[in-house]
Amino acid sequence: MVYAPAERVLVDRVHEAIEFDDGREYDVFISYARIDGESVAHELTEELERNGVSVWLDTVAIQPGKSQSLQMDAGLRKARAGIALLTPAYLTGRFWTQRELGALLHKPTLIPILHEVTFDDVKEYSGILPDLAGFTTKDDIATIAEKIAPAVLP
-8 MVYAPAERVL VDRVHEAIEF DDGREYDVFI SYARIDGESV AHELTEELER
42 NGVSVWLDTV AIQPGKSQSL QMDAGLRKAR AGIALLTPAY LTGRFWTQRE
92 LGALLHKPTL IPILHEVTFD DVKEYSGILP DLAGFTTKDD IATIAEKIAP
142 AVLP
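Using our numbering, read the sequence shown as starting at -8 and increasing by one per residue.
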């Protein structure tokens, strides 16, 4: 299609806004509810990175002025494994976390981490998640990261 110069400028701005490929691959995508999981997600990210794991975390990876949903989709696609940080807010079935979990269930490795919830709480939310080997934050986050790293590194 041929655009007038003013239209071309607009089309180029739209394409730039939806460009979401940062050129990186990730070992894991961390899915969490910001309301009650953000501090644990950041601590886990730091510890995983200390263990050589590349992490996609929204507050670090999402670039302002670009489509948030397209960037999340790219992060989900480009991560080999997933971590679901299960908190009370996560288990309420928020829109973003449901979308992320749906995508992460297709990954070869999905690791649940329970924070301020019980296995019974998780069973009420999902029939699949309680069957996956995971962790609770009753354990030290650094220890959890050390155990996750070998499972997600190539």
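Using N, Cα and C, we set each Cβ at its ideal position, and we do this for glycine too.
Terminal residues of the beta strand (DSSP E) in which residue i lies
i: V113; result: Run containing V113: none in the beta strand (DSSP E); it sits in the alpha helix (DSSP H), 110 to 116.
i: P103; result: 100 to 105
Assigned exposure category for residue i - 16 Cβ within 10 Å defines buried
i: H97; result: exposed
i: T36; result: buried
i: T50; result: exposed
Beta-carbon contacts of residue i that lie in its chain and below 7 angstroms, excluding the five residues immediately before and after
i: A94; result: L67
i: A133; result: E38
i: L92; result: S22, A75
Sequence-distant residues of its chain with Cβ nearer than 6 angstroms to residue i (five each side left out)
i: F20; result: W47, G66, L67, A70, G73
i: F126; result: I104, I135
i: S45; result: Y17, D18
Nearest to residue i (by Cα), restricted to the options the options
i: A130; options: G14, A(-5), V31; result: Note that residue 130 corresponds to Asp in the displayed sequence, not to Ala. Comparing Cα-Cα distances from D130 to each of G14, A(-5), V31, the minimum goes to V31.
i: L77; options: T128, K57, P99, L1; result: T128
i: V113; options: T83, E40, A133, Q54; result: T83
i: H106; options: A24, D49, E(-2); result: A24
i: V108; options: P99, P121, L101, T100; result: P121
Supposed contact pair residue j and residue i - C-beta distance, whole angstroms, cut 8 angstroms
i: S22; j: A75; result: 5 angstroms
i: G43; j: A140; result: 6 angstroms
i: L144; j: L123; result: That pair is no contact at about 18 angstroms.
Boundaries of the alpha helix (DSSP H) in which residue i is found, first to last residue
i: D49; result: 49 to 52
i: D64; result: 59 to 69
i: V31; result: 25 to 41
i: V(-7); result: It is not in any alpha helix (DSSP H) - V(-7) carries neither H nor E in the DSSP assignment.
i: I21; result: Segment 17 to 22 is the beta strand (DSSP E) holding I21; no alpha helix (DSSP H) there.
i: P141; result: 132 to 143
i: L120; result: First-last for L120: undefined, no H or E at that position.
i: A94; result: 86 to 95
Cutoff 8 angstroms; reference residue i; Cβ partners in own chain excluding five residues on either side
i: I9; result: Confidence at I9 is low in this model, with a pLDDT of 49, below 50, so the placement of that residue should be treated as unreliable; the coordinate-derived value is given next. Cβ neighbours of I9 beyond the five flanking positions: K57, S58, L61.
i: E40; result: V46
i: G28; result: L76, T78, A80, Y81, H106
i: R138; result: The sequence shown places Lys at residue 138, rather than the Arg named in the question. Excluding positions up to five away in sequence, the list reads F126.
The ligand FMN heavy atom lying under 7 angstroms from the CB of residue i
i: G43; result: Because no ligand of any kind appears in the structure shown, any question about the ligand FMN cannot be addressed here.
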